[in-house]
Each structure stands twice: as C-alpha cells, then as structure tokens.
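Per our numbering: the sequence shown = residues 5 to 331. Where is the CB? At the ideal position from N, CA and C, for every residue including glycine.
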Amino acid sequence: MPEVRTENAGKRDLYEVLGVARDAGADEIRKVYRKLARRHHPDVNPGDAAAEEAFKAVSQAHAVLSDVDRRRDYDEFGEVALEVGFDAEKAREARASFEQRFGDGSTGFGSGGGESFQFGGLEDLFSDLYARRGWSEGPRGRRGPDLEAELELDFLEAVCGGEKRLSFALPGPDGELRPETLTVAIPPGVADGGRIRLRGKGGVGSGEGLPGDLYARVRVRPHPFFRREQLDVYFDLPLSVSEAALGAQVRVPTLDGRATLTVPAGTDSGAKLRLRGKGVSNPAGGGAGDLYAIVQIRVPRGLSPEAGEQLEKLDSASGDELRRGLF
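Have a look at this one:
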C-alpha cells in the first residue's frame, strides 16, 4: 500500500533554473528546456548525482513554466504556489483581507492563538500559512492536511488517460491509518512525476473543519519500446539494408494503433522519421506532439557465399567511397 505523506516545496527561482527572463515565451522555454535536459540527462551522465539533480530541477521548472495556470500562480505568489495544496483563490482572498486590514504587509500579524509570525511581505505570510498546513475554517475547526499518495501507471495509461483505482492509507482523527480506495480520473498526457488533485480526499479536519486534498503523484512504468520526451514519443525502427537503401512503406506502431510510414531511399541508421501529431496530447490544450521512428539498420548475418557475392557486387555498383576524407 503506497505511503501517504505531506510535502514541502524547496526554495528556488524557476526562471533562474532555466536561465530565461520572466517574460520568456513558451517556445523559448521549451527550447531551453530541451537543451538543458539533453545536457543533464542521466543516460548521458551515468552515475553523476549532480547531473541527475540538475535534470530534476530543469524538468520541474519546465513543468511549471510550460503550464499557463501554474505559471500564472507562480508569477503572482512566488514559491508558495509550488506547495502541495496551494489554492490560488483562497490565497487571493487571504491577501485581500490582509491588505484591507494591514496595508502593504510589512508588519507582524497575530494568528489569533497567542502566537505570531513575522514576515517581510505577503509571500512570507502565505508560506507560513502553508507551512502550518491548513487554512482556518473558523472557530469550530481547522481544515485537514493535504496528503500525497503514489499512483503507478502504465505508459499508455498515462498517455491516453482513463480511470485507475488508487489504494492508500488515510490517517484518521485518532492518528490510526485506515485503508481507502478511490477511482482517479487520469487526464490524457499526464507525465511521470505529475500530480492529480482529488479535492476533499485528504486528511480529516479537526472539529468541523473541512478535509484536505489528496494529491496522486504519478509514476509511469517504462514502455517496452516507446520513450517519451515532453509531448514527443520515440521508438527504434529496425530496417533491412534493402529497405534503407531503396526506400519502403512500413507499418509502425503508434500510441493508438498502427500507421504506415514512408522510408525515403538512402536512409541512414540513426535517422529520425516523423509522424506529425502522433505524440502525446497536451493536457493544457494546443495539440499533440510528434512520434519519431529512429532508424536502426540491421546488418544481415550468416550469409551464404552466394549472398555474400551479391552484396559485394552491390557495394561495387554503388561507387560510394565510404571513408573519403579520413586520409
């Protein structure tokens, strides 16, 4: 049964992580992210813990700044908008109420329970509120904490969406854990590490306080041959020597079935052949990514003497000087 836990966001400036200006457009952010992701990818830097942390940082920064709503909240409220359970509407209400009573937010604010916290501005106020886990629901109770549970998905479940049962342990008012099972609606295109919010399914509130929210943290199992990079999907496509040399029409797998792919004559191993719009749907709208077939030319083995002679004749007929320029 997955562990349920609360989470605090780390302190960082997401624009600085990517090295872009705060008014950078979506295309620039995507371009910079891809460059940094390739540079720090664990497959390129095996065993390099610093590179792995850098890869996680740029991935998280891109996840927020490429999402219109999350970027708007981050620009408005800063790092506190990254907190689990952050509610922009409640934050705006709290800010309006605070500014009405105290002006620019440069003074201390009493919490009403004999306890006070000092802050230099509204972001500090929100950070302190969220660090304490829960908005006050009035004198009769306090809102329950936001919780997190891990939701494991197959690659195609994450890409195509659907429904998934989530089993987890929920702490009750007495602190005892009790098993719970919920049906989670999976939005198409959810990424590994993404979160799905289930309102009111978190920790129990005290008194008459409302329950918190539950966040399903997505973990996507690897696919046997598909690999995902943001909205684009890649797979290796084996081709025979004749198919690569002469060109061919080949059937290939897609996320939702099969398609016919045209292989141009003279295709080299490592070439990327694109099926436009056959990638992952954008959860925020705006179309889908592309599907790329990475050509892998398979060299024939165990040829008969006759077949070997035919292959030598083919090399002679092509007239290519493969190692021209090396000497």
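For Gln234, no beta strand (DSSP E) run applies, since DSSP gives it neither H nor E. Look at Ser70 here: in three-state DSSP terms it is coil, with no helix or strand label. Per the coordinates, the alpha-carbon of Phe229 lies some 46 Å from the alpha-carbon of Arg96. Around the Cβ of Leu170, a 10 Å sphere holds 16 or more other Cβ atoms; the residue is buried. Fully enclosed alpha helix (DSSP H) runs of no fewer than 4 residues occupy 245-250 of the segment 217-295, in order along the chain.
Contact between the segment 211-219 and the segment 257-275 is not established, with fewer than three Cβ pairs separated by less than 8 Å. Looking at the DSSP output, Ser171 bridges to Thr185.
With a cutoff of 8 Å on beta-carbon distance, His44 and Val62 are scored as near each other. One alpha carbon belongs to Leu160, the other to Gln253, and they sit about 26 Å apart. Your pair Leu265 and Val163 does not check out as a contact, with CB atoms roughly 19 Å apart and the cut at 8 Å.
Setting aside the 5 residues that flank it on each side, Ala275 is surrounded in the same chain by Val299, each with a C-beta closer than 7 Å to its C-beta; the list follows chain order. In this model, Asp27 and Asp236 are separated by some 25 Å (Cα to Cα). The segment 278-296 makes no contact with the segment 310-319; the number of CB pairs closer than 8 Å stays below 3. Taken atom to atom, the span from the alpha-carbon of Gly29 to that of Lys39 is near 16 Å.
Spatial neighbours of Val36 in its own chain (CB-CB distance under 6 Å, excluding positions within 5 residues in sequence) are listed in chain order as Leu22, Val24. Cβ-Cβ separation between Arg223 and Glu154: approximately 6 Å, consistent with a contact (criterion under 8 Å). Judged by DSSP in its simplified three-state form, Gly213 adopts coil rather than helix or strand. Val68 places its beta carbon less than 8 Å from that of Leu18.
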